[in-house]
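Working notes, structure below.
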Amino acid sequence: MADLSRFLPLSRRPDVDESGVTGDRRAESADVLAALAGIVRAGGDELWAAATARAGWRVADVVAELIHGFDRTRTRRALESAERFVRGGEARRLAELPRPPGPAEAAGSLETRARLVRERDRPTGVAELDDAVVAALLVGDAASVDVPMSPVASGAVALRRAAAAPTEIRAVIAGHALRATDAGWEFGHGSPLVDTAAGLLRFLTGIGTVAPHPPGPGDPPPATPGS
455 MADLSRFLPL SRRPDVDESG VTGDRRAESA DVLAALAGIV RAGGDELWAA
505 ATARAGWRVA DVVAELIHGF DRTRTRRALE SAERFVRGGE ARRLAELPRP
555 PGPAEAAGSL ETRARLVRER DRPTGVAELD DAVVAALLVG DAASVDVPMS
605 PVASGAVALR RAAAAPTEIR AVIAGHALRA TDAGWEFGHG SPLVDTAAGL
655 LRFLTGIGTV APHPPGPGDP PPATPGS
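Dropping the structure here:
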């Protein structure tokens, strides 16, 4: 499969030498992990115990899964995906998750992971970035905040999710470009559908049900190259 992430930031940019563009997402992944750590630490025990949009999963569960599964192999990912369709598979997965004692320890683990990802020699792919972004969306929604992430981070995950979207999401976005009103990226062909980067990600990941919409009078105009 083509590395679609190499086309980021996807549109509305000047023609430049792109020989150095890479699919390595170490910096973006580390930034999201560090930002998520800050939200978890600030939220304390109340946020730690809060429910998320993932049915049956608390913030503690989502963060534990990210900490212990961030670097899992493709084979492990495929097995986990299959387990979700097995009766009782999700409940068993939840029961077997090793959890940090509390939010302070979890935040420390996330910060350590962020530092190790940033410093290591081997690259980090968009799948790992996707894990961090999805956890950030779930935890951020539980905390009623948007976890900060760069346009490259949000755009790479949005593009990945759109390329492999299930039928019900594809039915909405087919024949349209997707435009993030606050992140300066757009991809796809056709009349645009717009939302914030976080809003688009919530829809594309299935966390939220609010679909992007055609641009309206209150939406900012498309960014121009170099802006």
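In my numbering, the protein residues as written are 455 to 681. All C-beta atoms, glycine included, are put in the ideal place defined by N, C-alpha and C. Keep in mind that this is a model prediction, so the values were computed, not measured.
Using the beta-carbon count (16 or more within 10 Å), is residue i buried or exposed?
{"i": "Thr663", "result": "exposed"}
{"i": "Gly609", "result": "buried"}
{"i": "Glu482", "result": "buried"}
{"i": "Asp499", "result": "exposed"}
{"i": "Arg615", "result": "buried"}
{"i": "Thr529", "result": "exposed"}
{"i": "Leu655", "result": "buried"}
{"i": "Ala568", "result": "buried"}
{"i": "Val475", "result": "Here Val475 scores only 46 on pLDDT, less than 50, and its place in the model should not be relied on; the value that follows carries that caveat. That one is exposed."}
{"i": "Thr621", "result": "exposed"}
{"i": "Ala618", "result": "exposed"}
{"i": "Asp584", "result": "buried"}
Looking only at its chain, what residues have a beta carbon closer than 6 Å to the beta carbon of residue i, apart from the 5 residues adjacent to it on each side?
{"i": "Asp457", "result": "Reliability fails at Asp457, whose pLDDT of 37 lies under 50, so the model's placement of it is uncertain and no value is given."}
{"i": "Ala652", "result": "Asp600"}
{"i": "Ala504", "result": "Val513, Ala596"}
{"i": "Ala586", "result": "Ser483, Val486, Leu487"}
Which residues in the same chain as residue i place their Cβ atom closer than 7 Å to its Cβ, once the five residues preceding and following it in sequence are excluded?
{"i": "Gly629", "result": "Gly644"}
{"i": "Arg508", "result": "Val516, Leu592"}
{"i": "Glu565", "result": "Ala488, Ala491"}
{"i": "Leu493", "result": "Strictly speaking, residue 493 in this sequence is Ile, with Leu absent from that position. The residues are Val593, Gly594, Ala597, Val599, Val601."}
{"i": "Thr650", "result": "Ala634, Thr635, Asp636"}
{"i": "Ala665", "result": "Val626, Phe657"}
{"i": "Thr578", "result": "Asp478, Arg479, Arg480, Ser483, Val571"}
Would you report the Cα separation of residue i and residue j, rounded to the nearest angstrom?
{"i": "Phe524", "j": "Ala560", "result": "14 Å"}
{"i": "Pro668", "j": "Leu647", "result": "5 Å"}
{"i": "Thr659", "j": "Arg546", "result": "23 Å"}
{"i": "Glu426", "j": "Leu551", "result": "Because residue 426 is not part of the residues shown, which for the chain are 455 to 681, the question remains open."}
{"i": "Met603", "j": "Val486", "result": "6 Å"}
{"i": "Arg526", "j": "Arg495", "result": "25 Å"}
{"i": "Ser563", "j": "Pro671", "result": "44 Å"}
{"i": "Pro555", "j": "Trp502", "result": "10 Å"}
Per DSSP, residue i forms a beta bridge with which residues?
{"i": "Arg512", "result": "Ala505"}
Under 8 Å Cβ to Cβ from residue i, same chain only, skipping five residues before and after it: list those, please.
{"i": "Leu548", "result": "Gly510, Trp511, Asp515"}
{"i": "Arg531", "result": "Ala581"}
field: Completely contained beta strand (DSSP E) runs for the region 620-680, where each covers 3 or more residues
entry: 630-634, 640-642, 645-649
message: My parser needs the alpha helix (DSSP H) runs of 4 or more residues fully inside the region 537-624; what are they?
response: 543-550, 557-573, 580-597, 605-617
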